[in-house]
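Quick note: the sequence shown uses this note's numbering, first residue -5, plus one each step. Data block below; observations after.
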Amino acid sequence: MPQIPETVHELTVGQLSARSGAAVSALHFYESKGLISSRRTTGNQRRYSRDTLRRVAFVRAAQRVGIPLATIRDALAELPEERTPTREDWAGLSQKWRAELDERIRQLNRLRDHLTDCIGCGCLSLENCVLSNPDDVFGERLTGSRLLAEGR
Ligand code: FES
């Protein structure tokens, strides 16, 4: 594992990539989208402050649950640029995100729990569709399936 000694306060893009698990190209992409930032050396090489590791971890975890990059960027923009964000800074972000994350959890639970049921999508392909959605009555009042309709 690419352990980075605590005496190291600035990382090269290679170190950031190795420790975070994000490809160098992804880090460049994140930087181009304003999700992370670096300074340039006199040799024009990027150097990232060590707390960028936490930002990258946050970006990747949020992306994995389907949160759009723009939403992630807006959240990270709340963190101070001029200093390493504290636990309180992250708590503030987490508080703001609670509703967004709770809604995603609800959507994921609904998806998990309804995959074996009729979801009212109009396919009438499951045995219980004839009971739950006879003659596709759901089509009269919604577009798509119940999986989404209830979440709107
Ligand atoms: S699952 Fe599609 S209509 Fe029932």
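From the three backbone atoms N, C-alpha and C, an ideal C-beta is built for every residue, glycine too.
Beyond the five residues adjoining it in sequence on each side, R135 comes within less than 8 Å, by CB distance, of no other residue in the same chain. Taken from the Cβ of G138, every heavy atom of the ligand FES lies 8 Å or farther away.
Of the candidates S32, S43, I61 and T35, the residue whose Cα lies closest to the Cα of V2 is S43. Around the beta carbon of V124, a 10 Å sphere encloses fewer than 16 other beta carbons of the protein chains shown; the residue is thus reported as exposed. Proximity of the segment 0 to 16 to the segment 34 to 50 meets the contact definition, three or more beta-carbon pairs being nearer than 8 Å. For D130, the shortest separation between its Cβ and any heavy atom of the ligand FES lies below 8 Å. With a 10 Å radius around the Cβ and a threshold of 16 neighbouring Cβ atoms, G138 comes out exposed.
E25 sits in a helix when the DSSP states are folded into three classes.
Closest option to R81, judged by alpha-carbon separation, among H22, R48 and D129: R48.
Sixteen is the threshold: when 16 or more other Cβ atoms of the shown chains lie within 10 Å of the Cβ of L21, as they do, the residue is buried. When the Cα atoms are used, C115 and H108 turn out to be separated by approximately 12 Å. The C-beta of V53 has 16 or more other C-beta atoms within 10 Å across all chains shown, which makes the residue buried.
The criterion of a C-beta distance shorter than 9 Å is not satisfied by R67 and L105. Counting other Cβ atoms within 10 Å of its Cβ, S26 stays below 16 and is therefore classed as exposed.
When the beta-carbon positions are compared, N122 and C112 come within less than 9 Å of each other.
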